[in-house]
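If you're matching them up, the sequences are chains V and U in order.
Counting along the first sequence from 1, when you hit position 152 you're at 152 in our numbering, and nothing is skipped either side.
Counting along the second sequence from 1, when you hit position 88 you're at 88 in our numbering, and nothing is skipped either side.
All C-beta atoms, glycine included, are put in the ideal place defined by N, C-alpha and C.
Below is one structure; the comments refer to it alone.
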Amino acid sequence: MNATTSFRAMGCTVVVAGATRSQLDAIVSLFEERERTFSRFLPASELTTVNASRHAAVMVSEVFARAVSTALAAAEQTDGLVDPTLLEALEAAGYDADIRALEADPRPAGDAVPGRWRSIRLAGRALLRPPGLTLDLNGVVKSMTVDEAVALLPGPGFVSAGGDLRARGELDVALPDGSAVRLRRGALATSGTTTRRWRRGGGPQHHLIDPRTGRPSTSAWEQVTACGATCVGADVAAKAAFLLGEDGPSWLDERRIPGRFLAPDGSAVSNASWAAAAEPVCT
Amino acid sequence: MGKRRRNRSAAADREERSRVQLGRRRAHRAKILLAGAGVGVFVVASALARVSNAGHHKQSLHPLVAPPRFVAVVKQNLLEAGLVAPPQAPPGAATATS
């Protein structure tokens, strides 16, 4: 495996291993292009343009349509837990600028805005939604880009964006609780509240909005790591399991997805799928 | 005398030709009528067979596939598990909250 290289994109550090110089350039370009399209903080991005449109139907680019389609599939398969329509709720909670520029704001958080993903329709490249309904596709776009970037590697290696990681070949990966696991196939993603936190109205806020309440989640977990066949799948599974709180481990087990849960007191819990595959049996 | 006989024979020929032409036209019309009637009988018989014969489908055929929305979800099954195992070497990467 070639040396590990890192660069910043999409508000996080991207780490690449196993790429030649030209492949690394292609991966950097891919992340930059996706950021230009999907950043909600760039005034010229396609996402900003779509969100600003007052029309009910908007023609979007092919890559944008693909991201919306993936986001809707994620919402469908998690019963709406992973919802692309939570931008208004996120901004109401105070996440209305780049996370590095966010400062404590004494004003109270805005009104709760539950998710409305069922009001979105996608017909080819035509996006239909109620005027004023804004999208946040960051959740799926980052992990989708990791999946696409890994496909550019010629052999064993990995791509990780802010800790959402997909590998080609087997790889030992450190976990948030200090332990490690061997990723034999697929991807690992971690969702939690340890980063992307800020203060609003005197209280802590974070970016994982519960679409059922329209407010930052009050999950029992601090971080959840899930192992999916793809990075986008692992990310969706980790988010849904986090939002489900105590039901998260069994929800992942029903889908045979290995998951590792870290509580705020530092204790770690593995679901049955993780324990069976990744924890050595003591005899 | 001979000239008069020749004139009479030419008139008879013309009369004969016009009768043949009339007969041909009638035959042509009859053929069209018979063909049309045949098509009509076939269509009516098909419709009746469709309605009354148990071996004929009563509604338009639909392919035996799942609805497109369902197919799209199955095609894009995001929640497919990856594979983990106990660690065998020092970690070469890390997963963390982004």
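field: Stretch-stretch touch, CB-based, cutoff 8 angstroms, three pairs: the segment 204 to 213 of chain V with the segment 151 to 161 of chain V
entry: With a cut-off of 8 angstroms, the segment 151 to 161 of chain V and the segment 204 to 213 of chain V do not count as touching, because too few Cβ pairs lie within range.
message: Cutting at 7 angstroms between CB atoms, please list the residues of its own chain near Pro216(V), excluding the five before and the five after it.
response: On the first sequence, position 216 is the one that residue 216(V) refers to. Excluding positions up to five away in sequence, the list reads Ala93, Gln205, His206, Leu208, Ile209.
field: Which residues DSSP lists as bridging Thr284(V), in chain order
entry: Chain V is shown only over 1 to 283; residue 284(V) falls outside these bounds and no answer can be derived.
message: Short of 7 angstroms in beta carbon distance, which residues of its chain neighbour Cys12(V), apart from the five on each side in sequence? Order them along the chain.
response: Taking the first sequence and counting its residues from 1, the one referred to as residue 12(V) is at position 12. Beyond the five residues adjoining it in sequence on each side, Cys12(V) comes within less than 7 angstroms, by CB distance, of Ala161, Gly162 in the same chain, given in chain order.
message: If you measure between the beta carbons of Leu81(V) and Ala240(V), is that distance less than 8 angstroms?
response: Taking the first sequence and counting its residues from 1, one reaches residue 81(V) at position 81. Taking the first sequence and counting its residues from 1, one reaches residue 240(V) at position 240. Closer than 8 angstroms, so yes.
- prompt: Is it buried or exposed for Asp314(V), if we count other Cβ within 10 angstroms and need 16 for buried?
  reply: An answer regarding residue 314(V) cannot be provided, because it is not within the stretch 1 to 283 covered by chain V.
message: Restricting to runs no shorter than 3 residues, where is the beta strand (DSSP E) found entirely within the segment 135 to 215 of chain V?
response: Here the runs fully enclosed are 157 to 161, 164 to 168, 171 to 174, 180 to 185, 187 to 192, 197 to 200, 203 to 206.
query: Does the beta-carbon of Asn7(U) have 16 or more other beta-carbons within 10 angstroms, so that it is buried, or is it exposed?
result: Position 7 of the second sequence, counted from the start, is the residue given in the question as residue 7(U). In summary, Asn7(U) is exposed, with fewer than 16 beta-carbon neighbours lying within 10 Å of its beta-carbon over all protein chains present.
task: Name, please, each residue of chain U whose Cβ falls closer than 9 angstroms to the Cβ of Thr290(V).
output: There is simply no residue 290(V) to check, as chain V begins at 1 and stops at 283 in what is shown.
- request: Could you tell me whether any Cβ in chain U is nearer than 8 angstroms to the Cβ of Asp164(V)?
  value: Here residue 164(V) corresponds to residue number 164 of the first sequence, with the count starting at 1. Output row for Asp164(V): interface = yes.
- request: Report the neighbours of Thr225(V) on chain U: residues whose CB is nearer than 8 angstroms to its CB, in chain order.
  value: As a first step, residue 225(V) must be located in the first sequence, where it is residue number 225. Neighbours of Thr225(V) on chain U, chain order: Thr95.
Met10(V) versus Phe38(V): straight-line alpha-carbon distance, rounded: Within the first sequence, numbered from 1, the residue matching residue 10(V) stands at position 10. Within the first sequence, numbered from 1, the residue matching residue 38(V) stands at position 38. Straight-line Cα distance between these residues: approximately 9 angstroms.
- prompt: Taking C-beta to C-beta, are Ala74(V) and Val140(V) nearer than 8 angstroms?
  reply: Reading the first sequence from its first residue, position 74 is the one you call residue 74(V). Reading the first sequence from its first residue, position 140 is the one you call residue 140(V). Their beta carbons are under 8 angstroms apart, which means Ala74(V) touches Val140(V) by this criterion.
query: For the beta strand (DSSP E) that contains Gln77(V), what are its first and last residues?
result: For the purposes of this step, residue 77(V) is taken as the residue at position 77 of the first sequence. If you look at Gln77(V), you'll find it isn't in any beta strand (DSSP E); it sits in the alpha helix (DSSP H) that goes 62 to 77.
query: In or out: Met144(V) buried (at least 16 other Cβ within 10 Å) or exposed?
result: Working through the first sequence from its first residue, we reach residue 144(V) at position 144. With 16 or more Cβ atoms within 10 Å of its Cβ, Met144(V) is classed as buried.
query: Which residues in the same chain have their Cβ closer than 7 angstroms to the Cβ of Pro176(V), if we skip the five residues on either side of it in sequence?
result: Counted from its first residue, the first sequence places residue 176(V) at position 176. Hits under 7 angstroms: Thr190, Gln223, Thr225, Leu262.
query: Straight-line CA distance for Arg200(V) to Glu170(V)?
result: Along the first sequence, read from residue 1 onward, the residue named residue 200(V) stands at position 200. Along the first sequence, read from residue 1 onward, the residue named residue 170(V) stands at position 170. About 42 angstroms.
- prompt: Helix, strand or coil for Asp336(V) per DSSP?
  reply: Any property of residue 336(V) remains undetermined from this structure, which presents chain V solely from 1 to 283.
- prompt: From this set, Ala101(V), Gly178(V), Pro84(V), Arg125(V), which residue's C-alpha is nearest Val113(V)'s C-alpha?
  reply: Here residue 113(V) refers to the residue found at position 113 when the first sequence is read from its first residue. Comparing Cα-Cα distances from Val113(V) to each of Ala101(V), Gly178(V), Pro84(V), Arg125(V), the minimum goes to Pro84(V).
field: Integer-rounded CB distance, given that Arg166(V) should sit under 8 angstroms from Thr284(V)
entry: Outside the shown range of chain V, which is 1 to 283, sits residue 284(V), and nothing can be said about it.
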